[in-house]
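For what it's worth, my numbering labels the leading residue of the sequence shown as 75, then goes sequentially.
Note that beta-carbon positions come from the ideal geometry of N, C-alpha and C, so glycine has one too.
Bear in mind that the values here come from a model prediction, so they are computed numbers and not experimental data.
Notes follow the structure.
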Amino acid sequence: MPLTLCLLSLLFAAPPDAIPGAADWPQFRGPARDGVSAERGLLTSWPTEGPKKSWTATGLGGGYSSVAVVGGVIYGTGLKSDGQEHLFALATSDGKQLWSTPIAEKQKVGYGEGPRSTPTFAAGYVYAVSMGGTLACLSAADGKMVWSKNYVKDFGGSVQAWGYSESVLVDDGKVICTPCSKAAAVVALDAKTGATVWTATVKDAGGAGGYASAVQATVGKVPMYINLLGKSGGVVAVHAKTGKVLWQYNRIMNGTANIPSVLVKGDLVFASTGYGDGGAALLKMTAEGDGVTVKEVKYYKSGELQNHHGGMVVVGGTIYFGHGHNQGYPAAVDFASGEILWKESKPTSGGQGSAAAVGADGMVVLRYQNGVVAMFKANSKQFEAVSSFKIPEPSKQPSWPHPAIANGKLYLRDQDKLHCFSLKASGN
75 MPLTLCLLSL
85 LFAAPPDAIP
95 GAADWPQFRG
105 PARDGVSAER
115 GLLTSWPTEG
125 PKKSWTATGL
135 GGGYSSVAVV
145 GGVIYGTGLK
155 SDGQEHLFAL
165 ATSDGKQLWS
175 TPIAEKQKVG
185 YGEGPRSTPT
195 FAAGYVYAVS
205 MGGTLACLSA
215 ADGKMVWSKN
225 YVKDFGGSVQ
235 AWGYSESVLV
245 DDGKVICTPC
255 SKAAAVVALD
265 AKTGATVWTA
275 TVKDAGGAGG
285 YASAVQATVG
295 KVPMYINLLG
305 KSGGVVAVHA
315 KTGKVLWQYN
325 RIMNGTANIP
335 SVLVKGDLVF
345 ASTGYGDGGA
355 ALLKMTAEGD
365 GVTVKEVKYY
375 KSGELQNHHG
385 GMVVVGGTIY
395 FGHGHNQGYP
405 AAVDFASGEI
415 LWKESKPTSG
425 GQGSAAAVGA
435 DGMVVLRYQN
445 GVVAMFKANS
455 KQFEAVSSFK
465 IPEPSKQPSW
475 PHPAIANGKL
485 YLRDQDKLHC
495 FSLKASGN
């Protein structure tokens with residue numbers, strides 16, 4: 075590493091004992107993994123050309139992953155010109171690179187190139203997964219490799235059509251990952267050493283890893299991790315302490331790709347997938363001693379309601395997302411009852427294709443596949459479009475990476491570039 079980058083690393087990289095602030099974005103879909111920022115005082119409308127751009131970083135490498143932001147440092151992944159997937163760190167002040175570490179060789183997959191995994195920051199370490207299933211743990215301060223595991227070699231997994239895509243969950247000193255093999259569908263690793271804590275064997279896990287990322291939940295006194303598995307595994311909950319399978323629901327599964335991470339609110343779970351027989355379902359969990367049962371409250375056929383990819387967010391008890399297979403028709407669903415409150419019949423603001431969702435300060439932002447970024451009010455009664463703009467200097471690849479909001483900034487990854495915009499009035 076050049077001397078200048080070494081000095082920058084020492085000056086800006088998050089220290090080993092860094093704790094994410096309330097306005098940081100330490101992992102995929104934010105602090106609570108629900109796609110919602112807790113920040114207030116953000117812009118409620120944008121200028122015609124969009125919020126003011128602070129800077130654009132280049133040289134990230136190709137890929138569809140988003141970014142994590144902690145303590146003045148941005149963490150991301152990209153396939154660089156050396157033919158390796160890198161985990162890198164940038165300074166939030168200007169986007170300058172602090173360090174970049176190769177974690178795996180390029181993996182050939184069915185569509186596009188470059189990693190899909192957004193890094194997860196926890197307790198001074200940063201974790202990410204390569205397309206070929208290498209889970210790497212690096213020091214957040216200097217990018218040095220601490221440990222790595224491979225889903226295929228170590229746990230019997232197999233690479234699905236578009237590569238391993240999950241962003242791992244770190245909770246209670248454990249890294250929760252999803253090789254999705256017959257013997258180890260879900261695995262808990264020691265966050266500091268990579269040693270296996272437990273493995274969960276799930277019936278009909280699917281044989282190849284899924285595309286969703288796990289979330290944490292507790293019902294009664296039972297802690298659990300919930301994720302959407304591969305082609306046949308369904309939505310699965312495992313006990314956080316032991317890995318014991320608590321419940322499994324597979325009615326919404328399709329045989330191609332099951333992508334959106336589930337939403338959890340209290341004892342309710344909302345899950346959706348695109349493709350074929352996908353659809354959506356509202357589930358209710360009930361704790362029974364050390365176990366948990368689940369029942370279907372409402373089921374929606376694929377044509378009625380589905381999120382292809384791009385995820386869903388909850389604001390004030392209402393779920394908002396882009397509905398439709400490879401579509402981003404804005405929709406709103408009441409989380410408590412499952413009632414469809416409203417559903418648009420076309421995308422908004424000239425958007426096309428799937429839409430990645432993020433919520434902040436009473437607003438919902440959809441990033442469309444064609445590079446349109448649209449904002450609407452989180453209004454359970456009706457759809458109210460507010461503002462939109464087009465991502466500058468667009469690549470020729472689908473505009474899929476999820477938006478990230480941290481410390482008054484909006485981050486939009488577009489292959490080799492990362493754009494940073496100000497969401498505060500003082501910055502516009």
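Is residue i helix, strand or coil by DSSP?
| i | result |
| --- | --- |
| A410 | coil |
| S500 | helix |
| V226 | helix |
| E370 | strand |
| R441 | strand |
| P334 | coil |
| H383 | coil |
| L492 | strand |
| E362 | strand |
| D264 | strand |
| P404 | strand |
| C254 | coil |
| Q181 | coil |
| K483 | strand |
| Q101 | coil |
| P193 | coil |
| I300 | strand |
| P176 | strand |
| D168 | coil |
| H160 | strand |
| Y201 | strand |
For the putative contact between residue i and residue j, defined by C-beta atoms under 8 Å, what is the C-beta separation to the nearest angstrom?
| i | j | result |
| --- | --- | --- |
| S222 | I177 | 7 Å |
| Y403 | K420 | 6 Å |
| L440 | V388 | Not quite, the Cβ-Cβ distance comes to about 15 Å (not below 8 Å), so this is no contact. |
| Y285 | I326 | At roughly 14 Å, the Cβ-Cβ gap does not stay under 8 Å, so Y285 and I326 are not in contact. |
Could you check the C-alpha separation between residue i and residue j for me, to the nearest Å?
| i | j | result |
| --- | --- | --- |
| N444 | G363 | 49 Å |
| W129 | D168 | 6 Å |
| A142 | A197 | 14 Å |
| V438 | S423 | 14 Å |
| L172 | V289 | 30 Å |
| A97 | A214 | 19 Å |
| P297 | V447 | 37 Å |
| T292 | T275 | 21 Å |
| V368 | K182 | 38 Å |
| G280 | Q234 | 10 Å |
| C587 | K315 | Residue 587 is absent from the structure shown; the chain starts at 75 and stops at 502. |
| S204 | G150 | 12 Å |
| Q456 | F463 | 22 Å |
| V460 | S119 | 6 Å |
| N328 | D351 | 5 Å |
| G377 | Q489 | 31 Å |
| P477 | Q101 | 12 Å |
| W257 | S241 | The sequence shown places Ala at residue 257, rather than the Trp named in the question. Roughly 21 Å between the two C-alpha positions. |
| M219 | M386 | 33 Å |
| F162 | S306 | 34 Å |
| A210 | G186 | 22 Å |
So with Cβ pairs under 8 Å, would you call residue i a contact of chain E?
| i | result |
| --- | --- |
| G352 | Reference to chain E is not applicable here, since this structure consists of a single protein chain. |
Would you check if the segment 107-115 and the segment 423-439 touch, i.e. whether three or more CB-CB distances between them fall below 8 Å?
yes
In chain order, which continuous runs of the beta strand (DSSP E) of length 3 or greater are located wholly inside the segment 121-150?
127-131 and 142-144
Evaluate the contact criterion for the segment 347-357 versus the segment 372-380: three or more CB pairs, one atom per stretch, below 8 Å.
Yes, they touch.
Pairs of beta-carbons, one from the segment 254-265 and one from the segment 223-242, closer than 8 Å: are there three or more?
Two segments are said to touch when three or more pairs of C-beta atoms, one from each, lie closer than 8 Å; by this definition the segment 254-265 touches the segment 223-242.
Between the segment 376-393 and the segment 299-316, do at least 3 Cβ pairs fall closer than 8 Å?
no
Which parts of the segment 421-477 are runs of the beta strand (DSSP E), unbroken and 3 residues or longer, counting only runs that do not cross its ends?
429-434, 437-442, 446-451 and 459-464
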